[in-house]
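Heads up, the sequence shown is in the working numbering, so the first residue is 166 and it goes up one at a time. Positions of the beta carbon are idealized from the N, C-alpha and C atoms, including for glycine. These figures come from a predicted structure and were not determined experimentally. First up is the structure itself, then whatever we jot down about it.
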Amino acid sequence: MLRPIFLFSYLVSGWIAATLCFRLRIEGCGRKLGGPALVLGKHASYWDIPMLARGLRCNFRGVYPWYEMASFHGYPLLGRLIWFLRLNGGFPVMRPKDLIRLKRGGISDKAELRAIMQRVNEEAAATRRRILEKGDAVCFFPEGPRDAERVLPLRSFHELEEAQSFAAETGRPVVFLPILPCYGTKPRSFLRRRKVILKVLDPLATDGRSATEILAEAQARFEGAWLAPAEVDEAF
166 MLRPIFLFSY LVSGWIAATL CFRLRIEGCG RKLGGPALVL GKHASYWDIP
216 MLARGLRCNF RGVYPWYEMA SFHGYPLLGR LIWFLRLNGG FPVMRPKDLI
266 RLKRGGISDK AELRAIMQRV NEEAAATRRR ILEKGDAVCF FPEGPRDAER
316 VLPLRSFHEL EEAQSFAAET GRPVVFLPIL PCYGTKPRSF LRRRKVILKV
366 LDPLATDGRS ATEILAEAQA RFEGAWLAPA EVDEAF
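Now the structure itself:
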């Protein structure tokens with residue numbers, strides 16, 4: 166499905182702004198893959214979404230990425246931009262840590278908090294299903310928190326289980342694609358571009374494997390391919 170707002174934002178952020186701000190090198194580009202797809206991304210920067218989109222688009226024809234995002238409840242800036250993020254393909258998920266901001270916002274009843282998180286996550290699961298049915302791609306960050314210095318433990322496997330169930334029910338295979346953006350050190354001058362190596366790794370094998378086994382392989386792949394900022398600088 167054509168998404169004009171996403172394509173415009175992708176052109177501005179993923180190509181024009183990224184080209185001006187970064188010296189980008191993509192590794193593992195050019196495969197002829199078909200959707201639907203589940204993209205497992207390393208979360209290292211606010212730039213990860215346009216970076217993952219570039220890595221995905223260079224391997225899939227006609228597939229437009231959608232992505233999970235935090236609910237951003239109580240965030241002074243992102244909370245006001247949630248409508249724009251939704252127009253660009255974002256949809257919220259809620260983790261236990263997100264409940265802290267809800268509590269700060271005045272919701273103290275535990276049953277009410279659980280109900281809110283359940284409703285948001287059920288809507289997210291339904292959204293992921295619709296995206297796969299369209300043959301598009303879902304991007305998510307199994308680490309959770311953002312960290313540019315190291316690979317954190319991959320924890321989120323519900324997305325993998327859902328994609329496996331979808332494939333089993335429909336007979337349509339889902340590509341599990343890990344993408345690893347590795348950022349160099351931030352330059353001291355705004356006139357210098359930051360170095361980035363975007364690693365599009367080989368798809369993960371899924372046949373006969375549990376979600377935890379697939380996630381364990383993704384962890385090993387991430388750790389084996391990861392480059393620290395100083396290593397990225399040296400690689401250019």
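*Verify whether the separation of the beta carbon atoms of G373 and K360 is less than 8 Å.*
Position 208 of the sequence shown, counted from the first residue, corresponds to residue 373. Position 195 of the sequence shown, counted from the first residue, corresponds to residue 360. No, the pair does not count as a contact, with Cβ atoms beyond the cut-off.
*Mind checking whether A395 and L366 have CB atoms under 8 Å apart?*
Start at 1 with the first residue of the sequence shown, and residue 395 comes out as number 230. Start at 1 with the first residue of the sequence shown, and residue 366 comes out as number 201. In this structure, A395 lies away from L366, with their beta-carbon atoms at least 8 Å apart.
*Kindly indicate which residue of R284, A400 and T292 has the alpha-carbon position closest to the one of I362.*
Locating residue 362 in the sequence shown gives position 197, where the first residue counts as 1. The residue with the shortest Cα to Cα distance from I362 is A400.
*Going by Cα to Cα distance, which pick from Q384, K268, R311 and E378 is closest to P318?*
Taking the first residue of the sequence shown as 1, we reach residue 318 at position 153. Of the listed residues, the one whose Cα sits closest to P318 is Q384.
*I191 to R222 span [Cα, whole Å]*: In the sequence shown, counting from the first residue as 1, residue 191 sits at position 26. In the sequence shown, counting from the first residue as 1, residue 222 sits at position 57. Their backbone Cα atoms lie some 12 Å apart in a straight line.
*asked:* Can you give me the C-alpha to C-alpha distance between F173 and L267, rounded to a whole angstrom?
replied: In the sequence shown, residue 173 corresponds to position 8, counting from 1. In the sequence shown, residue 267 corresponds to position 102, counting from 1. Computed Cα separation, rounded: 33 Å.
*Kindly list the residues whose CB is nearer than 6 Å to the CB of R219, restricted to its own chain and excluding five residues on each side of it in sequence; keep chain order.*
Locating residue 219 in the sequence shown gives position 54, where the first residue counts as 1. A distance below 6 Å between beta-carbons, with the five flanking residues on each side excluded, links R219 to the following residues of its chain, in chain order: G179.
*Given R294 as reference, the closest of V228, V204 and E327 once Cα atoms are compared*: Reading the sequence shown from its first residue, position 129 is the one you call residue 294. Looking at the Cα atoms, E327 is the closest of the given residues.
*How long is the line joining the alpha carbons of P230 and C304, rounded to whole angstroms?*
Taking the first residue of the sequence shown as 1, we reach residue 230 at position 65. Taking the first residue of the sequence shown as 1, we reach residue 304 at position 139. Looking at the two C-alpha atoms, the distance is approximately 7 Å.
_Can you tell me whether L325 is helix, strand or coil according to DSSP?_
Translated into the one-based positions of the sequence shown, residue 325 becomes position 160. Reduced to three states, the DSSP call for L325 is helix.
*Look at E233 and V204 and say whether their C-beta atoms are less than 8 Å apart.*
As a first step, residue 233 must be located in the sequence shown, where it is residue number 68. As a first step, residue 204 must be located in the sequence shown, where it is residue number 39. Going by C-beta atoms, E233 is not nearer than 8 Å to V204.
*Among G195, A376, R168 and F355, nearest to L252 - alpha-carbon criterion*: Within the sequence shown, numbered from 1, the residue matching residue 252 stands at position 87. When each option's Cα is compared against that of L252, the closest is R168.
*Decide yes or no for the touch test of the region 330-348 against the region 192-200: beta carbon pairs closer than 8 Å, at least 3 of them.*
Yes: the two stretches touch, three or more of their Cβ pairs being nearer than 8 Å.
*Residues bridged to E233 by DSSP?*
Walking along the sequence shown from the start, residue 233 turns up at place 68. According to DSSP, E233 bridges with F256.
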